[in-house]
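Counting from 1, position 17 in the sequence shown corresponds to residue 17 in full-length UniProt numbering; the numbering is continuous, with no gaps.
Virtual Cβ for every residue (Gly too), placed ideally from N, Cα, C.
Since this is a predicted model, take the numbers as computed values, not measurements.
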Amino acid sequence: METEPHITANGEANNNTTDVVQDQVPPTEEEQVPTEPIPTVKQEDKYYQDARKYWSRIAPTVDGMLGGFGSISFTDIRGSDQFLKNLFKMKPAPGRGQALDCGAGIGRDGAFCETAGKELEGSGKLGTIYNKGLQEFVPEEGKYDLIWSQWVLGHLTDEDIVEFFFRCTKALRRNGLMVIKENFTNGDKPELDRCDSSVTRPLALMKQLLTKGNLRVVKELRQKDFPKGLYPVYMIALKPIINGS
Numbered sequence: 001m002e003t004e005p006h007i008t009a010n011g012e013a014n015n016n017t018t019d020v021v022q023d024q025v026p027p028t029e030e031e032q033v034p035t036e037p038i039p040t041v042k043q044e045d046k047y048y049q050d051a052r053k054y055w056s057r058i059a060p061t062v063d064g065m066l067g068g069f070g071s072i073s074f075t076d077i078r079g080s081d082q083f084l085k086n087l088f089k090m091k092p093a094p095g096r097g098q099a100l101d102c103g104a105g106i107g108r109d110g111a112f113c114e115t116a117g118k119e120l121e122g123s124g125k126l127g128t129i130y131n132k133g134l135q136e137f138v139p140e141e142g143k144y145d146l147i148w149s150q151w152v153l154g155h156l157t158d159e160d161i162v163e164f165f166f167r168c169t170k171a172l173r174r175n176g177l178m179v180i181k182e183n184f185t186n187g188d189k190p191e192l193d194r195c196d197s198s199v200t201r202p203l204a205l206m207k208q209l210l211t212k213g214n215l216r217v218v219k220e221l222r223q224k225d226f227p228k229g230l231y232p233v234y235m236i237a238l239k240p241i242i243n244g245s
């Protein structure tokens, strides 16, 4: 697999009003993010454009978004639901007023966003749909009790992911939490998928990027009962390191 990839993004975000452990020690100097080549604007544009082209050809269905593994959807939802329930038992617990779903759960293109909007229309629990790449999306400051980002961060460059984390910390209300749910490699190097312009990172690298983005881990859990042969999937709950939360 490729190393030192520059990851692309084409996730969408929407916010809705649905109600839908271990503390992490800050990294030592040796654990800080290693220096990597900085892609030019032209290079980054190509990564993002390639991702858009790929997902524009994929059917806006659960099976399409999950690369043919639609059968894991129930297990995925069950694991996320239990993780959320445990988060709401924390002291202090996050509020239940407003949530932001980055990547529309498994949505990666405008068609899926449109489909999700139609299906949830009239539920009274869907807010604004933002059909915009996360590298450009700026959430409203102080608006959200919970920000959930799933299976979309692999489409962001390291630089863009850190900036996105910073913007999310500003968007959280007091006691608010951010949760990421992502694939991670079994090894210690990123693995590049040129087909959809994405990268699967090692868990240790993601934690370094989180720290750079002003976030600390308050709880993490590996998703259970996924088929053998898939990447390990972790749910990680986060709070800002500095912002008064």
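For residue i and residue j, what's the separation of their Cα atoms in angstroms?
i           : j           : result
residue 198 : residue 48  : 9 Å
residue 238 : residue 86  : 14 Å
residue 236 : residue 163 : 18 Å
residue 36  : residue 122 : With a pLDDT of only 41 at residue 36, under 50, the local geometry of the prediction cannot be trusted, and no value is derived from it.
residue 145 : residue 228 : 34 Å
residue 171 : residue 140 : 6 Å
residue 99  : residue 81  : 14 Å
residue 127 : residue 117 : 9 Å
residue 38  : residue 124 : Its pLDDT being 39, under 50, residue 38 is placed unreliably in this model, and the value from its coordinates should be taken loosely. Rounded to the nearest angstrom, the two C-alpha atoms are 44 Å apart.
residue 131 : residue 153 : 16 Å
residue 259 : residue 97  : The displayed coordinates of the chain run from 1 to 245. Any statement about residue 259 would go beyond what the structure contains.
residue 174 : residue 90  : 14 Å
Indicate the three-state DSSP secondary structure (helix, strand or coil) for residue i in the structure shown.
i           : result
residue 87  : helix
residue 171 : helix
residue 136 : coil
residue 231 : coil
residue 45  : helix
residue 162 : helix
residue 52  : helix
residue 208 : helix
State yes or no: is the C-beta of residue i within less than 9 Å of the C-beta of residue j?
i           : j           : result
residue 133 : residue 224 : no
residue 181 : residue 234 : yes
residue 169 : residue 94  : no
residue 88  : residue 179 : no
- Query: So, do the stretch 182-195 and the stretch 208-218 have three or more beta carbon pairs nearer to each other than 8 Å?
  - Reply: no
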